[in-house]
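Student: In the numbering used here, the protein residues as written are 2 to 495.
Before I ask anything, let me first share the structure, which is written out below as structure tokens.
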């Protein structure tokens with residue numbers, strides 16, 4: 002039998018040790034902060050067979066357990082060369098990327114030289130901080146080369162779009178000064194990392210955002226099996242039900258709240274389980290308010306996707322719905338991530354663009370990366386018909402892409418069409434085009450018609466003679482110094 006007095010005495014001693022344990026000093030924290038030096042190279046989406054050329058980026062990071070460095074994905078995206086330097090040292094060490102999640106803007110680095118981590122106490126990961134809690138932000142912002150430490154408070158915690166990925170995830174707003182170079186630096190409470198600095202608002206004073214501890218923990222759990230799956234997406238679009246008439250129309254009882262399902266993405270986790278017209282009442286026993294929020298802490302609310310994003314891809318999600326006035330309980334397997342559920346992909350990294358060249362006509366799928374060829378204000382400068390597609394960014398069928406004629410490389414075979422681009426391709430020789438693979442097959446596998454006839458969404462046509470294109474094609478590639486007439490992913494389908 003266990004001695005109760007001994008057990009109680011032991012618990013008291015343990016409690017006292019925890020209570021009076023010396024906190025991690027600011028100097029100890031500083032020792033674990035590193036400056037990150039990265040060289041990156043991004044694809045040229047206007048000339049998708051080329052790269053833009055290398056450019057340098059600096060950021061911040063923190064040493065955590067396992068000889069790893071936690072930083073932002075956007076500091077090390079499209080990476081070609083990487084070095085890190087410890088606080089107080091002059092030597093830069095070669096580093097390498099261990100894992101990266103562009104969705105939540107987090108990355109893990111390491112240094113193979115064991116001397117880099119010598120005499121360093123790694124910083125532990127803490128919990129989600131309270132609103133109005135004081136925090137310290139460590140990093141190497143512009144304006145100097147030494148470590149900067151700024152103080153602030155957590156202003157709010159709620160879902161915000163992450164600039165690096167455009168995905169809406171839980172984020173913490175802080176009022177500590179944040180500038181370029183701070184990215185990837187830790188946000189500290191009581192010697193623990195409660196967030197990673199990720200973005201600021203240049204037009205505002207002292208408004209910055211951090212990736213909070215729960216998102217960091219999700220990232221760690223995700224990569225624990227050696228591969229990154231990302232955050233799950235249920236694949237539904239919903240509408241608030243704050244108006245009493247809409248609740249009456251869908252037969253919602255008194256004191257029942259929820260949101261109305263408007264769309265279900267083809268091929269998503271929800272397809273075959275949830276339908277337009279269903280009302281989502283609760284997720285994992287957490288009631289959904291009529292404004293589409295859930296309570297994640299006492300008197301603190303955020304977007305209902307919080308309940309989905311608490312899970313990993315492959316988990317089952319318990320959902321309570323109302324369909325035709327009857328309550329049903331569903332179990333939905335979260336088998337897909339965000340990227341699969343978009344018609345037009347948002348920001349992509351470490352990925353070469355898909356392209357196909359035929360008769361000097363350059364085709365590519367529409368993406369936010371491609372929108373950037375119109376500059377940082379592409380939403381004002383790009384063709385309105387293309388930007389409008391983002392309003393309802395949902396594919397009609399699984400695997401659908403918006404295929405566009407990106408540009409025309411002037412040649413005699415395409416004379417008269419050189420001002421047509423950009424141009425949405427809807428049909429090839431009367432066949433509806435779903436994606437780039439469809440386009441290539443429709444052009445190359447038709448051995449009957451002597452012409453390739455392209456149509457857009459207003460029935461304009463581009464007509465090319467197959468034999469003339471066949472003769473001109475090699476010279477067009479040589480003239481414009483293009484090695485391949487298609488991207489690697491399309492070469493692999495040949």
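A virtual CB, placed ideally from N, CA and C, is assigned to each residue, including glycine.
1. Distance check for residue 273 and residue 471, CA to CA, integer angstroms please.
2. Go ahead and label residue 456 buried or exposed: buried means 16 or more other beta carbons lie within 10 angstroms of its beta carbon, across all protein chains shown.
3. Buried or exposed, going by whether 16 or more other CB atoms sit within 10 Å of the CB of residue 250?
4. Could you please give the first and the last residue of the uninterrupted alpha helix (DSSP H) stretch that includes residue 160?
5. Would you say residue 333 lies against chain D (beta-carbon separation less than 8 angstroms)?
6. Just to confirm, is the Cβ distance from residue 474 to residue 303 under 8 angstroms?
7. In three-state DSSP terms, what is residue 211?
8. Short of 7 angstroms in beta carbon distance, which residues of its chain neighbour residue 134, apart from the five on each side in sequence? Order them along the chain.
9. Taking 8 angstroms as the cut-off, decide whether the C-beta atoms of residue 175 and residue 188 are in contact.
10. Report, in whole angstroms, the separation of the C-beta atoms of residue 314 and residue 282, which I expect to be a contact under 8 angstroms.
11. List the residues that DSSP assigns as beta-bridge partners of residue 201.
12. Quick check on residue 449: buried or exposed, where buried means 16 or more other Cβ atoms within 10 Å of its Cβ?
13. Suppose contacts are defined by Cβ-Cβ distances below 8 angstroms. Is residue 83 in contact with residue 99 by that definition?
14. What are the boundary residues of the alpha helix (DSSP H) that includes residue 112?
15. Among 122, 77 and 80, which has the Cα closest to the Cα of residue 68?
16. With a cut-off of 8 angstroms, do at least 3 Cβ pairs link the segment 218–226 to the segment 110–119?
17. I'd like the span of the beta strand (DSSP E) that includes residue 38, first residue to last.
18. Kindly indicate which three-state DSSP category residue 308 falls into: helix, strand or coil?
19. What is the DSSP secondary structure of residue 500, reduced to helix, strand or coil?
20. Please classify residue 374: does DSSP put it in a helix, a strand, or coil?
21. Tell me the DSSP secondary structure of residue 217 in three-state form.
22. Nearest to residue 66 by CA position, among 382, 111 and 421, is which residue?
23. By the 10 Å Cβ neighbour count, where 16 or more other Cβ atoms means buried, how is residue 357 classified, buried or exposed?
24. Reducing DSSP to helix, strand and coil, say where residue 74 ends up.
25. Find the nearest neighbour of residue 483 within the set 260, 36, 320 and 363, judged by alpha-carbon distance.
26. Which residues in the same chain as residue 85 place their Cβ atom closer than 8 angstroms to its Cβ, once the five residues preceding and following it in sequence are excluded?
27. Whole angstroms is fine: what's the gap from residue 295's alpha carbon to residue 164's?
28. Let me know if residue 377 comes out buried or exposed under the rule of 16 or more other beta-carbons within 10 Å of its beta-carbon.
29. Following the continuous alpha helix (DSSP H) through residue 476, name the residue where it begins and the one where it ends.
30. Tell me the start and end of each unbroken beta strand (DSSP E) in the segment 415–474 that is at least 3 residues and wholly inside, in chain order.
31. Roughly how many angstroms separate the alpha carbons of residue 277 and residue 396, rounded to a whole number?
32. Using C-beta distances below 7 angstroms, list every residue in its chain close to residue 403, excluding the 5 sequence neighbours before and after it, in chain order.
33. Per DSSP, which one or two residues make a beta bridge with residue 294?
34. In three-state terms, what does DSSP make of residue 83?
35. Starting from residue 357, follow its DSSP beta bridges and name the residues at the other end.
36. Straight-line CA distance for residue 405 to residue 48?
Tutor: Answer, in terms of the structure:
1. 46 angstroms
2. Taking all protein chains shown into account, residue 456 has 16 or more neighbouring C-beta atoms within 10 Å of its C-beta and is therefore buried.
3. exposed
4. Element bounds for residue 160: not the alpha helix (DSSP H) but the beta strand (DSSP E), 149–162.
5. Absence of chain D from the displayed structure is noted, only one protein chain being present.
6. For residue 474 and residue 303, no; Cβs fall outside 8 angstroms.
7. strand
8. 154, 155 and 190
9. Taking 8 angstroms as the cut-off, the Cβ atoms of residue 175 and residue 188 count as close.
10. No, residue 314 and residue 282 are not in contact; Cβ-Cβ is about 24 angstroms, not under 8 angstroms.
11. 209
12. Classified as exposed, residue 449 has fewer than 16 neighbouring CB atoms from the shown chains inside 10 Å of its CB.
13. Against a cut-off of 8 angstroms, the Cβ pair of residue 99 and residue 83 comes out as no contact.
14. Run containing residue 112: none; DSSP gives neither H nor E here.
15. 122
16. no
17. 34–44
18. helix
19. For the chain, the structure presents residues 2 to 495; residue 500 sits outside this window and is missing.
20. helix
21. helix
22. 111
23. By the neighbour-count rule (16 or more Cβ atoms within 10 Å), residue 357 is buried.
24. helix
25. Comparing Cα-Cα distances from residue 483 to each of 260, 36, 320 and 363, the minimum goes to 363.
26. 35, 36, 37, 38, 62, 70, 93, 94, 96, 110, 112 and 117
27. Using only the alpha carbons, I get a separation of about 23 angstroms.
28. exposed
29. Here the alpha helix (DSSP H) through residue 476 covers 467–480.
30. 452–456 and 462–466
31. When rounded, the separation of the alpha-carbon atoms in residue 277 and residue 396 is 15 angstroms.
32. 344, 345, 366, 367, 390 and 425
33. 304
34. strand
35. 364 and 487
36. 14 angstroms
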